[in-house]
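Counting in this note's numbering, the sequence shown runs from 437 upward without gaps. In what follows, a structure is listed as structure tokens, so that the remarks can point back to it.
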Amino acid sequence: MKKIAILGSTGSIGTQTLELVRDNPDLQVVGLAAGSNIDLLEKQVREFKPRLVSLQSSKACGDLEVRLADLPVEVVCGMEGLIRIAEMEESELLVTAIVGMVGIRPTIAAINKHKDIALANKETLVTAGHIIMPLAKEKGVSILPVDSEHSAIFQSMQGENRERVSRLLITASGGPFRGKTRAELENVQLEDALKHPNWSMGHKITIDSATLVNKGLEVMEAKWLFDMDLDKIQVVVHPQSIIHSMVEYADGGIMAQLGTPDMKLPIQYALFYPDRRPMKGKRVDFYELGCITFERPDMETFTGLKLAMRAAKEGGSVPTVFNAANERAVSLFLTGKIRFVQIPEIIEMCMEAHKRIEAPNVEEILACEQETYEVIESRLIL
Ligand code: NAD
Ligand code: MG
437 MKKIAILGST GSIGTQTLEL VRDNPDLQVV GLAAGSNIDL LEKQVREFKP
487 RLVSLQSSKA CGDLEVRLAD LPVEVVCGME GLIRIAEMEE SELLVTAIVG
537 MVGIRPTIAA INKHKDIALA NKETLVTAGH IIMPLAKEKG VSILPVDSEH
587 SAIFQSMQGE NRERVSRLLI TASGGPFRGK TRAELENVQL EDALKHPNWS
637 MGHKITIDSA TLVNKGLEVM EAKWLFDMDL DKIQVVVHPQ SIIHSMVEYA
687 DGGIMAQLGT PDMKLPIQYA LFYPDRRPMK GKRVDFYELG CITFERPDME
737 TFTGLKLAMR AAKEGGSVPT VFNAANERAV SLFLTGKIRF VQIPEIIEMC
787 MEAHKRIEAP NVEEILACEQ ETYEVIESRL IL
């Protein structure tokens, strides 16, 4: 029996992880944390019987406690709750399926307690990779990628000599606006941005895919996960999303991982690594597929990717500012307060306003996040 805890159990990655638990009776859920979806969390608790659960607000936690009075489950709350679940004595692996920098402290807490991490929460590595990766090494903890591109790279490295890797090739679908001009982007609407061509995901990452910011975050995530120089990471637009990413070796040979666009495969690979369990679902039919294609990313139109590469190169606290500005800009776009093209403009404004710190600690990272929100609040007329 493998005991796991999940942060973000009511989201896209969280619910797909629970579907895998349903299909694999040797997985046991001991802790679940969610933001505010009390109805779904209650259902999950009744089905999976965790010992500890948490929600974001104390009011929601109080309500959940009343609803679950018939069960032997403890309800905890907010950041303290996330950390309690991350540290649970009986848990062996933590699935970080929460969105945003709120994942930093619980991830560090879990590593300190020697829990392996199935990491979906890329924002944590982007902003605190310089803290997380050395800590994981020190504690002998595995950081297993859930993000499909990083899982593909990880799969393509099995049995290989990592010293011989010459390039990581991260594929990108190009999102719903691939091929559009800057002028055409001016008037795109929220519902268009939420229509991802190949993947069904949470709202924040779906918008990040439309701006190509997601690919920029993934370049930074890959840099930390695989300890790779930025100039050895290339983004390749591949609209069919069949090749999930590739690794080139010193002899020019390229290993790739292919499959239908279904997040359950990378999630399951992280849960059972190094085993490959049978999985239901559609298979790639190459006759039906016919051809797959590749393009260079258009960084002049999708300036979010260009800014991400700049943030990655500058390093230190700059990726935190990039990420925090993007988190806030996306939430303003999702609530109809700004236009799509303002997302990279806001990111750039915050990067310009920031004074870089080399190797920030957790407190400094969280202070940079706050400072970024304040820049947006004070300079943006909504
Ligand atoms: P989502 O919005 O569908 O779900 C997020 C989950 O986190 C929900 O359960 C929500 O309740 C919870 N949450 C949010 N804020 C919280 C808070 N402050 N406290 C406690 N819980 C909170 O998001 P998602 O699409 O599942 O993405 C999760 C992470 O995985 C993101 O970092 C994303 O970039 C990454 N990721 C997602 C996909 C995908 O297919 N969805 C693919 C690759 C990577
Ligand atoms: Mg991805």
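Virtual Cβ for every residue (Gly too), placed ideally from N, Cα, C.
Neighbour-count burial assignment, residue i, 16 or more Cβ in a 10 Å radius
i	result
Arg600	exposed
Ala469	buried
Tyr705	buried
Glu654	buried
Arg618	exposed
Gln594	exposed
Val720	exposed
Ala747	buried
Lys718	exposed
Asp552	buried
Pro710	exposed
Val502	exposed
Alpha-carbon spacing of residue i relative to residue j, whole angstroms
i	j	result
Ile703	Thr771	30 Å
Phe738	His680	21 Å
Ala554	Gln778	33 Å
Ser527	Gly467	8 Å
Pro755	Tyr723	42 Å
Val457	Leu477	15 Å
Phe758	Asn650	12 Å
Met699	Ser677	12 Å
Pro570	Met656	16 Å
Phe776	Met437	46 Å
Leu626	Lys640	12 Å
Val624	Ala761	20 Å
Ile589	Asp475	37 Å
Leu816	Gly536	22 Å
Thr607	His790	31 Å
Leu561	Ile579	10 Å
Glu763	Gly726	38 Å
Lys749	Glu788	15 Å
Tyr809	Asn460	42 Å
Leu463	Pro714	14 Å
Ile783	Glu483	42 Å
Pro581	Thr729	26 Å
Ser587	Trp660	14 Å
Asp499	Thr642	31 Å
Ile519	Pro780	32 Å
Met785	Ala765	11 Å
Val798	Leu694	37 Å
Val577	Glu622	45 Å
Ser814	Glu807	10 Å
Neighbourhood of residue i by C-beta, 6 Å cutoff - its chain only, sequence neighbours within 5 removed
i	result
Glu525	none
Lys549	Glu523
Gly450	Ile442, Gly444, Ala533
Glu731	Val673
Asn634	Ser609, Ser677, Pro697
Asp644	Asn650
Gly471	Gln492
Ser448	Met637, Gly638
Contacts around residue i, its chain only, beta-carbon distance under 8 Å, and the 5 residues preceding and following it disregarded
i	result
Val509	Val481, Lys485, Pro486, Arg487, Leu488, Val489
Asp583	Leu555, Ala556, Lys558, Glu654, Glu657, Pro702
Arg603	Lys668, Ile669, Gln670, Val683, Glu684
Ile793	Gly752, Ser753, Glu800, Cys804
Gln452	Met699, Lys700, Ile703
Val538	Met515, Leu518
Other residues of its chain near residue i: CB distance less than 7 Å, five sequence neighbours each side excluded
i	result
Met682	Ser592, Leu605, Ile690, Met691, Ala692
Ala795	His566, Gly752
Leu768	Ile774
Lys742	Met735
Pro612	Asp628, Ala629, Lys631, His632, Pro633, Ala646
Gly740	Thr647, Leu648, Val649, Gly652, Ile779, Pro780, Ile783
For residue i, three-class secondary structure by DSSP
i	result
Gly498	helix
Gly467	strand
Ala692	strand
Asp552	strand
Leu604	strand
Val577	coil
Met437	coil
His566	helix
Val512	strand
* To do: Pair every Cβ in the region 666–679 with every Cβ in the region 533–551, then say whether three or more of these pairs are closer than 8 Å.
  => no
* Examine the Cβ distances between the region 680–698 and the region 561–571 and report whether three or more of them are shorter than 8 Å. => no
* To do: Pair every Cβ in the region 488–503 with every Cβ in the region 512–519, then say whether three or more of these pairs are closer than 8 Å.
  => yes
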